[in-house]
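As they're listed, the protein sequences go chains A and B. Quick note on this note's numbering: the first sequence kicks off at 2 and runs consecutively. Quick note on this note's numbering: the second sequence kicks off at 937 and runs consecutively.
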Amino acid sequence: EAGVTQFPSHSVIEKGQTVTLRCDPISGHDNLYWYRRVMGKEIKFLLHFVKESKQDESGMPNNRFLAERTGGTYSTLKVQPAELEDSGVYFCASSQVFEKNLGGYTFGSGTRLTVV
Amino acid sequence: AQSVTQLGSHVSVSEGALVLLRCNYSSSVPPYLFWYVQYPNQGLQLLLKYTTGATLVKGINGFEAEFKKSETSFHLTKPSAHMSDAAEYFCAVSGAGGADGLTFGKGTHLIIQP
């Protein structure tokens, strides 16, 4: 089966611009997660979708970040306007419902975002 | 609240030597514990996981880890390092019974010396 796909793989934008990251989960995976790793820090949870609904968005840094998952398929994460501290690698993961807490998460390769 | 501490941001071992990557956690609920590996320009790949049952868990590529509740540890080991093991390794914890999201450690770069 195809894995979790993220694009772009790299994005360089100027401070104040808008960037949209996309994640295509494994087909049939209801759970979709976004994580972020800022350089030198740990990977941090951002939010969790179950189908199209936000189950937990407690990790979203601020209201400049907007995540959507229309139709319960792919998800987008928009940063508007981007700030320097938003630079990092954004990971997406997906899982089937019954594996949600059994480590059945499959991660994408990540999007490396650089804000200059 | 949960947290994960990985001792050593970089660990260097000789090829053929024992690999030991340390992970300690804190969790207010029975934890599920994971080790992930990230090779350059790739995503996170699950090495192994502990959910319930046997505390010694075997994973892919010859790695294993032992859950020690009394020590709140989940150290990763491999008897003999290969050059291909060079990567960054992450320990993570999630709460059992419905907790969402993983809490990760800061990662450990494993360097293999020829």
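Glycine residues also receive a C-beta, built at the ideal position from the N, C-alpha and C atoms.
Alpha carbon of residue i to alpha carbon of residue j, nearest angstrom
i               : j              : result
S54 (chain A)   : T107 (chain A) : 19 Å
D1021 (chain B) : Q981 (chain B) : 13 Å
A957 (chain B)  : P976 (chain B) : Inspection of the sequence shows that residue 957 (chain B) is occupied by Leu rather than by Ala. Near 19 Å, if we compare the C-alpha coordinates of P976 (chain B) and L957 (chain B).
A1035 (chain B) : N64 (chain A)  : Note that A1035 (chain B) has pLDDT 44, beneath the 50 cutoff, so the model's placement of it is unreliable and the number below is only indicative. So the alpha carbons of these two residues sit roughly 24 Å apart.
Interface residues of chain B facing residue i [CB-CB closer than 9 Å]
i             : result
G73 (chain A) : Those do not exist, as G73 (chain A) stays about 17 Å from chain B at its closest Cβ, beyond 9 Å.
Top-ranked residue by Cα proximity to residue i, from the options
i               : options                        : result
S945 (chain B)  : A:K42, A:A94, A:Y36 and A:G109 : A:K42
P26 (chain A)   : A:Y34, A:A68 and A:K45         : A:Y34
T21 (chain A)   : A:V117, A:I44 and A:E69        : A:E69
H1045 (chain B) : B:G1037, B:T1039 and B:L1012   : B:L1012
C1027 (chain B) : B:Y961, B:S948 and B:L954      : B:Y961
C-beta neighbour in chain A for residue i, strict 9 Å
i               : result
G1041 (chain B) : yes
G979 (chain B)  : yes
I1048 (chain B) : no
Y961 (chain B)  : no
V955 (chain B)  : no
V940 (chain B)  : yes
Chain B within 9 Å of residue i, Cβ atoms only
i              : result
V116 (chain A) : no
V5 (chain A)   : yes
Y91 (chain A)  : no
A94 (chain A)  : yes
Y106 (chain A) : yes
S110 (chain A) : yes
G60 (chain A)  : yes
Chain-ordered chain A contacts of residue i [CB-CB under 9 Å]
i               : result
F1026 (chain B) : E43 and I44
Contact with chain E by residue i, beta-carbon distance below 9 Å
i              : result
L982 (chain B) : Of the chains in the structure shown, none is chain E; the protein chains are A and B.
9 Å Cβ cutoff met for residue i and residue j
i            : j              : result
Q7 (chain A) : T112 (chain A) : yes
Heavy atom of the ligand GTP within 8 Å of residue i beta-carbon
i               : result
A1022 (chain B) : In terms of ligand content, the structure shown is empty, and the ligand GTP therefore cannot be addressed.
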